[in-house]
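Heads up: the structure comes next, in structure tokens.
In the working numbering, the protein residues as written are 808 to 1542.
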């Protein structure tokens, strides 16, 4: 019994294995392993029928069962769209059985619907087929996955090429670029078409299509038309070829299938745009360098531009050995690191050194990678660009007998300094006159000569040079440029040099000062005595806060300005100018002068005394040397028990001054914005109230004498109006 069971299991296993090997699924009886079924080109509204074959060569019956799970179904495959299955309907013929030795055919249909789906008409799905054993449907006998695709056209005439690209063709090439234009009739009836070419005049000339103005396509016929492209100028070309034909989808109305011919005409062209050197002319591909000096190196930068429409790469810069290459050197060749794109610029620098008089010529040769770019029709000689450099040289005619001139050292005191004069000797060594057309010289040099000046043959011209004084120390050097009709050596240059020196500038120092309003304070101006001893005149400009202090005078005793004449001018708004002058040099003392300031109670608790300008020099030029100023702080010191809240806003009641009169009493200089009654309170230095007086004030400024007897000392005055908390204050000194 066990032996029979083992034999039966082995038999079943053998039969199943044989069935799996002997069941084949295919759609092409010749190429059974093909996995892509292409329905080809189908007109919208038509259907194409193919067959799927299932061949059972096994001894067992197989089946495609029917159930919830489909055993023959459409699966998505990229590019897959939701409505692609509508184009590939499956016929419900399940279940069906395939007996041993039988081959069954299952219909596969492509139905081109009238609904547009893919812009290019491409549709594709995957068909999955699973064949099972009839005895046990869980046993998979054969399985196959097939790609089904089709191209749907809404026009009878279809072209796989919406655009035929001719790529790049070299302009002027004797060879035409040829491409084939493919058009097929996907309709099952003959179609007649008119062939129309549209485009600009340049494209109509460049493209040639071997086709008549009309043609007839048989059912499902494919035709190839020969198209030629020969560009005449650089640029892009486009020609539309229209196949106008009737369409059944338009009830016989006209439809158009368009194929565009595209091409680019290219040319490699380099042009010399500019020469960054004098006396250089560009004529086409010839560069003429005129008036070059013999034995003198001359740098000529040449600016080239890619005026073609393709990049120029791998440029190798060479000089043709057949020319006078000993007179020309390539200092900077073309850049080989990157391509020179169209309209881009690059510079080649040449050094020219003529060795003899006359006209010499050399060829600049540029090798490019044009032939390695695979551009159709490019001639072999187009990869080499040539430019001719012509050099015209002559001997020198005008020469300077002194190539350098040193004017020595002078003092830098501006207009106070002396003016230096010397001459440059110019010799005309030729037998023809030479005309000096222009003279150029940097300051402080000048040439008091009006051009043009003619130098006769074999003569010497003395050219005067003037050095004007300057106001600062410097070592000045420059070139005298002489432009003349001796163009090869123009401008002729003579080196000039002069040294200006001046004493070191003087700087001032100020110390901060605290004061009681009404006091007279002294502000010391400190300086370096050794530096001050070299000057004899000068001026100081200073600024004060006008509400806090004013300059009352300048003391010179025991200072550097001792014995000097000092004048003081008010410039308004707290600005003053102090001028000083001595018949001799100033004294070497560390105190330059003493400023005497009269102080007031201002709006702020402190301000500054600033030296905004400080100049010294000689009696003739007191402002020859600009020194360094300084500033110091003026701060209000509390007095008479008074406390101030800053900033102070000017009140409607002002007491601008107060002083003791000889007749006895105090005179007040005050101002009121209207008529009012006011009270004057006099306070001693220790805060005691000495006296009080009632005053009647009128509107505006007024002077009032208050009869009061005060002992010598410092007193504070308070003037307060009625109906206001503001009061005017002043300090008075009784001697």
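Where a beta carbon is used, it is the ideal one built from N, C-alpha and C, also for glycine.
Could you tell me if residue i is buried or exposed, where buried requires 16 or more neighbouring beta carbons within 10 angstroms of its beta carbon?
i            : result
residue 1163 : exposed
residue 1466 : exposed
residue 895  : buried
residue 1537 : buried
residue 850  : buried
residue 1265 : exposed
residue 1011 : exposed
residue 1185 : buried
residue 837  : exposed
residue 1210 : exposed
residue 1311 : exposed
residue 1429 : buried
residue 1543 : No statement about residue 1543 is possible, as the shown extent of the chain runs from 808 to 1542 and does not include it.
residue 1370 : exposed
residue 1339 : buried
residue 1088 : exposed
residue 1263 : exposed
residue 1075 : buried
residue 821  : Residue placement at residue 821 is poorly supported in this model, since its pLDDT is 40, which falls under 50; the coordinates still yield a value, given next. The residue in question, residue 821, is exposed, as its Cβ has fewer than 16 Cβ neighbours within 10 Å.
residue 1380 : exposed
residue 1398 : buried
residue 813  : Below a pLDDT of 50, predicted positions are generally treated as unreliable, and residue 813, at 43, falls in that range; no measurement from the model is reported.
Quick check on DSSP: helix, strand or coil for residue i?
i            : result
residue 1074 : coil
residue 1258 : coil
residue 1006 : coil
residue 829  : helix
residue 892  : helix
residue 1132 : helix
residue 795  : Residue 795 is absent from the model: the chain starts at 808 and stops at 1542.
residue 1375 : strand
residue 1199 : strand
residue 898  : coil
residue 1057 : helix
residue 1189 : helix
residue 1232 : strand
residue 1123 : strand
residue 1428 : coil
residue 1178 : helix
residue 1081 : strand
residue 1325 : coil
residue 1525 : strand
residue 1518 : coil
residue 1553 : Nothing in the structure corresponds to residue 1553, since the chain is present only between 808 and 1542.
residue 1541 : strand
Who are the near neighbours of residue i in its chain, counting only those whose CB is closer than 8 Å to its CB and skipping five residues on each side?
i            : result
residue 933  : 881, 882, 883, 884, 952, 953, 954 and 955
residue 903  : 870, 871 and 911
residue 1505 : 1479 and 1482
residue 1149 : 1113, 1114, 1115, 1116, 1117 and 1118
residue 1169 : 1126, 1127, 1130, 1131, 1132, 1134, 1135, 1195, 1196 and 1198
residue 1236 : 1203, 1204, 1205, 1206 and 1265
Who are the near neighbours of residue i in its chain, counting only those whose CB is closer than 7 Å to its CB and skipping five residues on each side?
i            : result
residue 1099 : 1105, 1159, 1161, 1198, 1199, 1200 and 1295
residue 1269 : 1230 and 1232
residue 816  : Residue confidence for residue 816 is low, a pLDDT of 42 falling below 50, so the modelled location carries little weight; the figure read from the coordinates is stated next. So no residue of the chain qualifies.
residue 1478 : 1461, 1463, 1507 and 1508
Could you work out which residue in the options is closest to residue i when comparing CA atoms only?
i            : options                   : result
residue 1438 : 1416, 1006, 1044 and 1093 : 1416
residue 1357 : 1132, 1366, 1375 and 930  : 1375
residue 977  : 1313, 1177, 1066 and 969  : 1177
residue 987  : 1033, 959, 1408 and 1226  : 1033
residue 917  : 848, 1255, 901 and 971    : 848
residue 1323 : 1228, 1539 and 1249       : 1539
residue 1083 : 981, 973, 1110 and 853    : 1110
residue 1327 : 1421, 1403 and 1167       : 1403
residue 1002 : 1503, 1021 and 1102       : 1021
residue 1503 : 1497, 1152, 1512 and 1495 : 1512
Enumerate in chain order the residues of its own chain whose CB-to-CB distance from residue i is below 6 Å, with the five nearest sequence positions on each side excluded.
i            : result
residue 1303 : 1212, 1252, 1285 and 1287
residue 1227 : 1214 and 1274
residue 1065 : 1047 and 1049
residue 970  : 1067 and 1069
residue 1138 : 1156 and 1158
Say the cut is 7 Å; is the CB of residue i nearer than that to a heavy atom of the ligand ATP?
i           : result
residue 885 : Although the ligand ATP was asked about, the structure shown includes no ligands whatsoever.
Worksheet entry | Ordered list of beta strand (DSSP E) runs contained in the stretch 918-988, each at least 3 residues | Residue ranges of uninterrupted beta strand (DSSP E) with 3 or more members, entirely inside the stretch 918-988 and ordered along the chain, are 929-940, 947-960 and 970-977.
Worksheet entry | In chain order, each beta strand (DSSP E) run of at least 3 residues that lies wholly inside the stretch 1349-1404 | Runs found: 1356-1362, 1372-1379 and 1382-1388.
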